[in-house]
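Participant: Numbering (the UniProt record's numbering), first residue to last: 1 to 293.
The beta carbon of each residue, even a glycine, is placed where N, CA and C say it ideally should be.
I'd like to ask some things about the structure below.
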Amino acid sequence: MGVLSLCEEAPSKVFGVPLSHLRKTGQMRQGLPLAFTHLVRFLEKHGLSTRGLFRVGGTVLRQYELRKCFDRGGFPKMSIEDVHSSAYVLKHFLRTLPGGLIPEPFMFELLKVFRMFRLSKRHKAVKKVLDTLPEENYNILCFLTFFLSRVAAESHANCMTTTNLSIEFGPILFHVPQGPTKLEEEEMCISFTEYMLDNLRHLLPNMYPQASATNTAEGDSVSEAGGDFTPEKCVQQVLLTETSSKPLKIGRLGRLRRQFLHFWQKFGSCNGRRKVEESEKPSAAGDVQCMSP
């Protein structure tokens with residue numbers, strides 16, 4: 001018997017597969033992986049004030065159970081005890097993404113303009129490169145950085161400033177190839193990630209009408225996202241860019257900006273009508289319950 005291809009062997013596999021595989025197997029909605037949005041929503045609801053979020057890994061067994069559930073095509077039912085384990089699984093998803101969330105050619109171009117330009121001209125140069133990312137990668141990067149800015153806005157409670165978050169996510173967003181300059185380039189990727197989080201509004205303006213890492217005075221409605229608003233419903237509220245290999249169309253950034261704005265308005269208003277019931281019993285930490293998509 002011949003060796004089956006990855007897609008034939010595990011049609012529901014989530015981790016370590018290209019984004020194109022997730023799209024072909026129905027595990028993406030409007031340009032965002034369902035497992036990714038499920039984890040982000042859970043952490044947005046339960047983890048923003050958790051000390052050491054993304055630094056503490058949780059338990060190895062729980063991490064395995066959560067990954068196994070996603071790879072079976074389900075959504076694990078998680079409790080507050082799962083914050084650190086789910087944060088690890090989110091990082092694992094990004095870390096094992098073939099080619100990295102920001103592919104190597106874009107990484108070198110971003111680091112080039114990051115070194116070359118002073119701050120006054122850097123924003124425009126970096127934004128120009130980010131706008132050319134593959135659309136699925138671009139969608140995920142936008143969604144992720146908006147969420148991380150929310151985490152940093154709560155650094156007084158979770159101790160995860162943009163500096164600490166960049167140390168955790170810099171080497172994950174960029175897959176630096178082996179070589180004599182690997183360490184130097186990884187340090188530069190960390191610095192770039194911190195710069196991106198600190199200047200999110202300049203690089204991706206008006207896409208996230210909530211508190212950012214550099215402006216905590218605006219908008220807090222997403223921090224208490226809860227109720228029965230499932231990740232699939234959340235993602236379906238926004239029509240992100242078309243996920244294809246076709247050349248990017250003029251005006252893509254403007255369309256995406258308006259769609260993200262509409263999405264977060266829907267997200268905040270829907271969750272404002274749903275309050276988490278205090279009497280709801282969390283599932284046991286060792287008992288993963290998978291919900292079918």
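With burial defined as no fewer than 16 other Cβ atoms inside 10 Å of the residue's Cβ, what is the status of C159: buried or exposed?
Facilitator: exposed
Participant: Beta-carbon separation of P33 and L22 under 8 Å?
Facilitator: yes
Participant: P105 to V83, Cα distance in whole Å?
Facilitator: 34 Å
Participant: Note down, in chain order, each residue of its chain lying with its Cβ closer than 8 Å to the Cβ of H202, except the 5 sequence neighbours on either side.
Facilitator: H123 and K127
Participant: Between K45, C189 and L111, which lies nearest to E81 when the distance is taken from Cα to Cα?
Facilitator: That would be K45, whose Cα lies nearest to the Cα of E81.
Participant: What three-state label does DSSP hand R41 in the structure shown?
Facilitator: helix
Participant: Do the segment 50-59 and the segment 83-93 make contact, defined as three or more Cβ pairs closer than 8 Å?
Facilitator: yes
Participant: What residue range is occupied by the uninterrupted beta strand (DSSP E) comprising K77?
Facilitator: F75 to K77
Participant: Along the chain, where does the alpha helix (DSSP H) containing Q63 start, and where does it finish?
Facilitator: From DSSP, the alpha helix (DSSP H) with Q63 extends over V60 to D71.
Participant: When DSSP builds the beta bridges, which residues end up paired with L32?
Facilitator: Looking at the DSSP assignment, L32 forms a beta bridge with R29.
Participant: Give the C-beta separation of H38 and F75 to the nearest angstrom, bearing in mind that I take them to be a contact with Cβ-Cβ under 8 Å.
Facilitator: Distance from H38 to F75 at the Cβ level is roughly 5 Å; contact confirmed, criterion being Cβ atoms closer than 8 Å.
Participant: Determine, using beta-carbon pairs with one atom in the segment 58-68 and one in the segment 99-117, whether at least three such pairs fall under 8 Å.
Facilitator: The segment 58-68 makes no contact with the segment 99-117, as fewer than three CB pairs between them are under 8 Å.
Participant: For a minimum of 4 consecutive residues, which ranges assigned as the alpha helix (DSSP H) are wholly contained in the segment 108-191?
Facilitator: If we require 4 residues or more, the alpha helix (DSSP H) runs fully inside the segment 108-191 come out as 119-130, 135-153, 155-158 and 162-173.
Participant: Output the boundary residues of the alpha helix (DSSP H) element that contains F15.
Facilitator: From DSSP, F15 is part of no alpha helix (DSSP H); its letter is neither H nor E.
Participant: Could you give the first and the last residue of the continuous alpha helix (DSSP H) run that contains F93?
Facilitator: V83 to R95
Participant: Going by DSSP, what residue range makes up the alpha helix (DSSP H) through L203?
Facilitator: L200 to L203
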